[in-house]
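First the structure, in the form of structure tokens, and then the observations on it.
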Amino acid sequence: MMGLLYKEMKTLKTQVILVLLMAIFFLLMDLFTENSSTMVGAIAVLSIMMSMTTMAYDEKVNWNRFVLTTPVTKSQIVGSKYLLGIFFTVALSLIFWLFRAIGKGFHKEQTVFTVALMGMALLYLAVIMPILFKFGVEKARYIFFAIIFLPLILVPMIFKNLDAGVSKNLVEFGTKYGFLIGCVLVVVLLLGSHLLSVRIVDAKEF
Amino acid sequence: MNILIRNKSNQPIYEQIYNQIKAQILGNEIEEGSALPSMRQLALDLRISVITTKRAYEDLERDGFIVAIPGKGSFVAEKNLELLRETYLKEIEALMLAILEKASLSDISQEELSEMMNLLAKEN
Amino acid sequence: MENLLEVRGLTKHYPQFDLKDASFNLPAGVIMGFIGENGAGKSTTLKLILNLIRKDGGTISLLGHDSTQLPPELREEIGVVFDECNIPEMLTSAEVRGTMQRLYRTWDNGIWSAYMDAFKLPDHKKVNDFSRGMKVKLMLAIALSHHPRLLLLDEATSGLDPVIREEILEVFQKFILDEDHSILISTHILSDLEKVCDYVLFIHEGRVRFMETRDELHDEYALWKGSQTDFALLDPAAVVGKRRSPYGVDALVLRHTIPANATLEPASIEDIMLYIIKDGAK
Numbered sequence: 002m003m004g005l006l007y008k009e010m011k012t013l014k015t016q017v018i019l020v021l022l023m024a025i026f027f028l029l030m031d032l033f034t035e036n037s038s039t040m041v042g043a044i045a046v047l048s049i050m051m052s053m054t055t056m057a058y059d060e061k062v063n064w065n066r067f068v069l070t071t072p073v074t075k076s077q078i079v080g081s082k083y084l085l086g087i088f089f090t091v092a093l094s095l096i097f098w099l100f101r102a103i104g105k106g107f108h109k110e111q112t113v114f115t116v117a118l119m120g121m122a123l124l125y126l127a128v129i130m131p132i133l134f135k136f137g138v139e140k141a142r143y144i145f146f147a148i149i150f151l152p153l154i155l156v157p158m159i160f161k162n163l164d165a166g167v168s169k170n171l172v173e174f175g176t177k178y179g180f181l182i183g184c185v186l187v188v189v190l191l192l193g194s195h196l197l198s199v200r201i202v203d204a205k206e207f
Numbered sequence: 273m274n275i276l277i278r279n280k281s282n283q284p285i286y287e288q289i290y291n292q293i294k295a296q297i298l299g300n301e302i303e304e305g306s307a308l309p310s311m312r313q314l315a316l317d318l319r320i321s322v323i324t325t326k327r328a329y330e331d332l333e334r335d336g337f338i339v340a341i342p343g344k345g346s347f348v349a350e351k352n353l354e355l356l357r358e359t360y361l362k363e364i365e366a367l368m369l370a371i372l373e374k375a376s377l378s379d380i381s382q383e384e385l386s387e388m389m390n391l392l393a394k395e396n
Numbered sequence: 615m616e617n618l619l620e621v622r623g624l625t626k627h628y629p630q631f632d633l634k635d636a637s638f639n640l641p642a643g644v645i646m647g648f649i650g651e652n653g654a655g656k657s658t659t660l661k662l663i664l665n666l667i668r669k670d671g672g673t674i675s676l677l678g679h680d681s682t683q684l685p686p687e688l689r690e691e692i693g694v695v696f697d698e699c700n701i702p703e704m705l706t707s708a709e710v711r712g713t714m715q716r717l718y719r720t721w722d723n724g725i726w727s728a729y730m731d732a733f734k735l736p737d738h739k740k741v742n743d744f745s746r747g748m749k750v751k752l753m754l755a756i757a758l759s760h761h762p763r764l765l766l767l768d769e770a771t772s773g774l775d776p777v778i779r780e781e782i783l784e785v786f787q788k789f790i791l792d793e794d795h796s797i798l799i800s801t802h803i804l805s806d807l808e809k810v811c812d813y814v815l816f817i818h819e820g821r822v823r824f825m826e827t828r829d830e831l832h833d834e835y836a837l838w839k840g841s842q843t844d845f846a847l848l849d850p851a852a853v854v855g856k857r858r859s860p861y862g863v864d865a866l867v868l869r870h871t872i873p874a875n876a877t878l879e880p881a882s883i884e885d886i887m888l889y890i891i892k893d894g895a896k
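Structure (structure tokens):
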């Protein structure tokens with residue numbers, strides 16, 4: 002597995018710069034507008050982009066066909082992509098939290114909001130990954146735009162339309178019980194997603 | 273040891289190797305007791321299949337020209353004079369049969385043959 | 615001498631192609647050439663052995679284990695090269711080495727460096743900028759640098775010039791100096807096989823036509839050339855395949871069924887393959 006992660010990191014070394022630039026763009030937009038709902042989508046999308054990029058490069062050269070002749074298992078191949086996505090989600094969330102904290106000060110609400118963001122991004126990961134494994138990045142190109150833009154467009158829209166009172170209650174509920182439930186939910190869904198992805202890859206021929 | 277392989281020949285390569293090694297052993301060009309290269313090394317050096325060299329070595333061993341010592345390799349066998357004589361006798365017999373056949377085709381008598389033989393022996 | 619590979623009754627169905635009942639053994643210490651036209655089933659067979667695709671029937675025993683139940687660590691003993699460069703383009707050789715040494719416990723940087731030098735591959739150039747030949751050499755270097763017992767090569771030397779192919783053939787022969795090692799190499803470059811292979815496995819239209827030693831093939835088959843009239847006098851059972859021209863007939867014959875006084879020439883692997891494919895469909 003370490004070999005796979007090493008390879009992913011080396012493959013992405015040029016991508017990372019691009020992603021950081023995009024992240025900074027969103028962060029600045031977030032700081033200078035009151036609208037932080039785009040960040041919700043941004044973290045999810047940027048993280049999934051990293052996994053998608055490595056999968057695209059892999060597909061192009063039939064890397065999986067080769068790596069399956071090494072001691073690596075299909076489960077590890079799937080796992081490395083998840084770890085990659087989780088790593089970037091956490092990293093970007095951290096950067097977001099830091100930026101926000103520096104820009105607007107350290108508030109407890111901030112932390113909660115960031116954690117919630119991270120949770121949602123992880124949920125997004127759990128949903129999208131099996132789709133990517135099933136159809137491959139090339140074929141998933143058709144739902145590519147939906148994958149990228151849905152969170153960026155839809156989520157802010159949902160937020161806007163939520164009644165102010167409702168969202169305040171949600172935040173209150175969130176800070177009390179949500180954290181624990183949220184954690185459990187995210188972990189369970191990620192594990193389930195991983196299992197599903199492994200089943201999908203198991204059935205594939207290389 | 274010299275070995276020359278002719279790929280375009282009808283003679284199988286293992287036979288060519290067998291004959292050439294045997295000739296050099298009989299002709300004293302390779303000393304008794306000296307080590308032969310391993311089958312695999314020979315195959316590598318000649319750029320041929322290891323199965324071919326294995327067969328040649330097995331035949332040489334079967335016919336008493338070399339000895340294979342497990343773990344050490346193959347060595348030229350101590351010259352067994354009896355064996356040598358046997359070999360040469362067999363070859364001479366074959367040649368004699370060929371001579372007799374030819375003689376009968378052209379109606380040459382055995383006396384003429386003996387005369388020729390004596391003359392040639394005197395000259396050489 | 616054990617078999618590194620035992621294949622029995624291997625079958626795989628595709629809409630346009632069937633692999634039928636393939637059986638053969640690969641003993642330790644040999645180089646086996648795997649020949650046949652494109653689409654005859656060579657790549658399919660190799661992928662089935664590696665468990666990259668699922669078989670529809672038969673058994674494969676790889677290094678003593680069912681090929682579908684091979685413990686992951688044993689894969690270190692298998693070196694594989696496909697007819698493509700499977701490395702993501704933006705990696706450099708140094709990064710490839712970094713990846714491989716983390717994938718294989720048996721990885722040997724000393725051997726890797728030696729091949730990098732011998733093949734003249736730069737450490738810090740992206741694989742994307744490599745020529746076709748360099749990419750093949752890179753994949754070979756990877757396969758050879760983790761102390762495998764078995765090399766499975768699918769058209770691994772195509773696209774290489776004769777000089778470097780000669781060097782690689784020597785590498786292969788050195789590889790089997792250890793009697794425990796074997797190579798199964800599928801290739802169209804039959805002149806290479808003439809030189810070094812011990813066994814020839816010939817597959818045609820999804821069926822194994824023969825699996826024999828080079829010497830057996832030399833004994834069994836020969837080339838006959840003569841006039842139409844002379845050809846008509848030959849026993850039809852002796853003729854495996856023929857080619858007629860306005861000037862005579864060339865035929866691949868079974869050596870021992872031809873009268874001893876006929877002029878015969880040795881048949882190369884290529885001759886045997888071509889005659890059987892073009893005319894000997896039996």
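In the order they appear, the protein sequences are chains R, E and G. Whatever position you read off the first sequence (first residue = 1), add 1 for the working numbering. Whatever position you read off the second sequence (first residue = 1), add 272 for the working numbering. Whatever position you read off the third sequence (first residue = 1), add 614 for the working numbering. We treat Cβ as the ideally placed atom computed from N, Cα and C, and that holds for glycine. A quick note: this is a predicted structure, and the numbers were derived from the prediction, not measured.
query	result
If you count every other CB in all the chains shown that lies within 10 Å of the CB of LEU392(E), and 16 or more means buried, which is it?	exposed
Please tell me whether THR771(G) has its Cβ less than 7 Å away from any Cβ of chain E.	no
Please report how far the alpha carbon of ILE380(E) lies from the alpha carbon of ILE364(E), in whole angstroms.	20 Å
With three or more beta-carbon pairs closer than 8 Å as the criterion, would you say the stretch 65-75 of chain R touches the stretch 659-670 of chain G?	yes
Could you name the residues that DSSP lists as bridge partners for TYR835(G)?	LEU868(G)
Please confirm whether THR682(G) has its beta-carbon closer than 7 Å to some beta-carbon of chain R.	no
State yes or no: is the C-beta of THR658(G) within less than 7 Å of the C-beta of GLU690(G)?	no
Would you verify that the beta carbon of HIS818(G) is, or is not, closer than 7 Å to some beta carbon of chain E?	no
Going by the beta-carbon positions, is the gap between GLU703(G) and LEU804(G) smaller than 7 Å?	no
To which residues does DSSP link SER129(R) through a beta bridge?	Strictly speaking, residue 129(R) in this sequence is Ile, with Ser absent from that position. According to DSSP, which records beta bridges pairwise, ILE129(R) is partnered with nothing at all.
Report the rounded CA-to-CA distance for LEU688(G) versus ILE275(E), giving the unit in angstroms.	41 Å
Taking 7 Å as the threshold (C-beta atoms), are PRO880(G) and ASN390(E) in contact?	no
Roughly how many angstroms lie between the CA atoms of PHE88(R) and ALA728(G), to the nearest whole one?	37 Å
Are the Cβ atoms of THR827(G) and TYR813(G) separated by less than 7 Å?	yes
With 7 Å set as the bound, which would you pick, yes or no: does the beta-carbon of ARG779(G) sit closer than that to a beta-carbon of chain E?	no
Could you list which residues in chain E have their beta carbon closer than 7 Å to that of ASP829(G), in chain order?	PRO284, TYR286, ILE323, THR324 and ARG327
Contact check, THR55(R) vs GLU9(R) under 8 Å by CB: the rounded distance?	5 Å
Distance check for VAL128(R) and ASP670(G), CA to CA, integer angstroms please.	33 Å
Closer than 7 Å by beta-carbon distance: list the chain G residues that pair up with ASP59(R), in chain order.	PRO702
Based on the DSSP secondary-structure assignment, which residues constitute the bridge partners of TYR813(G)?	MET646(G) and THR827(G)
Go to ALA728(G), then tell me how far its alpha helix (DSSP H) extends in each direction, as first and last residue.	723-732
Run through chain G and tell me which residues come within less than 7 Å of THR74(R), C-beta to C-beta.	PRO686
Any idea what DSSP makes of PRO72(R), helix, strand or coil?	coil
Under 7 Å between beta-carbons, which chain C residues line up against HIS832(G)? List them in chain order, please.	Here chain C cannot be found, since the structure's protein chains are R, E and G.
Going straight from the alpha carbon of ARG357(E) to that of LEU640(G), what length do you get?	43 Å
Shorter than 7 Å from the beta carbon of GLU709(G) to some beta carbon of chain R?	yes
Kindly indicate the opening and closing residues of the beta strand (DSSP E) around LEU660(G).	Note, LEU660(G): premise wrong, no beta strand (DSSP E); alpha helix (DSSP H) at 656-663.
Could you give the first and the last residue of the continuous alpha helix (DSSP H) run that contains PRO776(G)?	776-789
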